[in-house]
Amino acid sequence: MISRKRKPVHVKELDREQIELGASDKFWKLISKRRKQKTLSREVLERKINRGKELRSPHEPR
């Protein structure tokens, strides 16, 4: 955000949703909470996703 005399005059390369989330206390509290949780490696995440695909019924939409 570009400001003049502490007033916003231009937002570069951000859409409305990004601006709204960036100003949301609720959103940042959620992000802070999630950052404290245990993380997964990409390899583990992909295995979990693939395992879920294998467990689906062949008639379920993908």
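All the letters of the sequence shown, read from the start, carry residue numbers 9 to 70 under the numbering used here. Heads up, the beta-carbon is just placed ideally off N, CA and C, and yes, glycines get one too. These numbers come from a predicted model, not from an experiment.
Under the three-state reduction of DSSP output, K34 falls in the helix class.
DSSP places K15 within a strand segment (E or B) once states are collapsed to three. Between the C-alpha atoms of L48 and E54 there is a straight-line separation of about 10 angstroms. Straight-line measurement puts the Cα of K13 at about 57 angstroms from the Cα of R64.
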